[in-house]
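> Below is the structure I would like to discuss, written out as structure tokens.
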Amino acid sequence: MKTLLLLLALTSPLLAEGKKFTLTARASEIDPGTKEHPEIDYVFARKGKPADNQLAMVDTRVKPSGYLVIWLMEPKPELFNRLNSYGHHAMQVTYPREWFAKMDKLRKEGDDDHFSGIRLEAATGEDHTKLIDIPKPDGLMERSYQFVKYLDQKHPKGNWKQFLSRDGKGLDWEKVILSGASHGSTTAARLAKEIKVARVVMLSGPRDQTEKWQGLKSATPPERFFGFTHTGDAGWRGHHYCRSWLMLDLHKFGPIVNVGESKPPYGNTRRLISTEASIKDPQRAHSASTPGGASPKGTDGKYLYEDVWKYLFTHPVGDTGTAVKPEARCREDF
């Protein structure tokens, strides 16, 4: 099992004989049908080191929630530890998301449908744009399916099989929570407009402030979208996230709530912000919504947003707040 690294954390069991499992495998070894896309700087190795490692984590000591969180950015073990503590399975897959740096420069003035097709093609592996060519084996959806199938074979104790469709030919996407930060949160939201998923958690996003796809008919009900950002983030100051949240109809489920002035369940809203004063740098603010070095901690050394993350990933989607009028400060046109 050269592609499988299994680390066991042996601590006091929460469930009989349960363990915490961390598993990694290379996408190129799981599925020989995958390929590199150097035209957008997506490769399997950099400077002799693997660049297509994928991460999966599950804690079988915890009562399972029945949901799989697919993270659309770089691996985030600190986040995954929390997801596991909620009972979620968690995984991150590599797929050709490096397109943004190049494709952003190709957008023509006034084009409000530039990124939509690119995001969909990178996520689905289906033809949605002429700007990139991502076949099915390299799309996020197929990569996720292949990884879960692999995990089921290599790690049956993790019960990954529950996330496969009945015919075993794909994932049961209604058991999937899509999540990401920034670029990843934007693609997560775009894919959720196209296919029905259990939930979408958007950290520091979505962007695409010049696009119209946020207002398209959604396969995923709007009450399943949850957003969180720090107000020092340039994407918030520029009204990018606020605009996307409105176009996703999140104002129908409650006002924008400051987590520093409220407690869970935050009025059952779908739109959360933080004005934590210790964060002054816009770049740090952009990363603060995710567990890590940029996220603020209290005097006790604990993250200030622990309750926020648990709410975003576990709050019952059927519990919603009272609708409010669209906020005037959230510009809808750029």
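Take the sequence shown: its letter number 295 is residue 318 in the working numbering, and every next letter is one higher.
Each residue gets a CB set at the ideal place from its N, CA and C atoms; glycine is no exception.
#1: Would you grab the beta carbon distance between residue 223 and residue 247 for me? Rounded to a whole angstrom, and I think it's under 8 angstroms.
#2: DSSP on residue 67, reduced to helix/strand/coil?
#3: Could you tell me if residue 318 is buried or exposed, where buried requires 16 or more neighbouring beta carbons within 10 angstroms of its beta carbon?
#4: Can you tell which of 176, 41, 131 and 255 has the C-alpha that lies nearest to the C-alpha of residue 299?
#5: Please report the straight-line C-alpha distance between residue 52 and residue 90, rounded to a whole angstrom.
#6: Using three-state DSSP, classify residue 60 as helix, strand or coil.
#7: Going by DSSP, what residues sit across from residue 253 in a beta bridge?
#8: Can you tell me which residues form a DSSP beta bridge with residue 223?
#9: Taking contact to mean at least 3 C-beta pairs separated by less than 8 angstroms, is the stretch 96-110 in contact with the stretch 52-70?
#10: Quick check on the burial criterion: 16 or more other C-beta atoms within 10 angstroms. Buried or exposed for residue 242?
#11: Across the stretch 223-235 and the stretch 119-126, are there enough close Cβ pairs to call them in contact, namely three or more that are closer than 8 angstroms?
#12: Secondary structure at residue 28, three-state DSSP: helix, strand or coil?
#13: Starting from residue 268, follow the beta strand (DSSP E) in both directions and report where the run begins and ends.
#14: Excluding the 5 residues preceding and the 5 following residue 220 in the sequence, name in chain order all residues of the same chain whose CB lies nearer than 6 angstroms to its CB.
#15: Can you say whether residue 181 is buried or exposed, counting buried as having 16 or more other CB atoms within 10 angstroms of its CB?
#16: Quick check on residue 335: buried or exposed, where buried means 16 or more other Cβ atoms within 10 Å of its Cβ?
#17: Closest by CA to residue 143, which one among 158, 262, 213 and 174?
#18: Of all the options 301, 206, 302 and 194, which has the alpha carbon lying nearest to the alpha carbon of residue 165?
To lay it out plainly:
#1: 6 angstroms
#2: coil
#3: buried
#4: 255
#5: 26 angstroms
#6: strand
#7: 297
#8: 201 and 248
#9: no
#10: exposed
#11: no
#12: Summary for residue 28: the model assigns pLDDT 49, below 50, so the residue's position carries little reliability; its value from the coordinates is reported in the next sentence. If DSSP states are grouped into helix, strand and coil, residue 28 belongs with the strands.
#13: First-last for residue 268: 263-270, but that is the alpha helix (DSSP H), not the beta strand (DSSP E).
#14: 196, 199, 201 and 243
#15: buried
#16: buried
#17: 213
#18: 194
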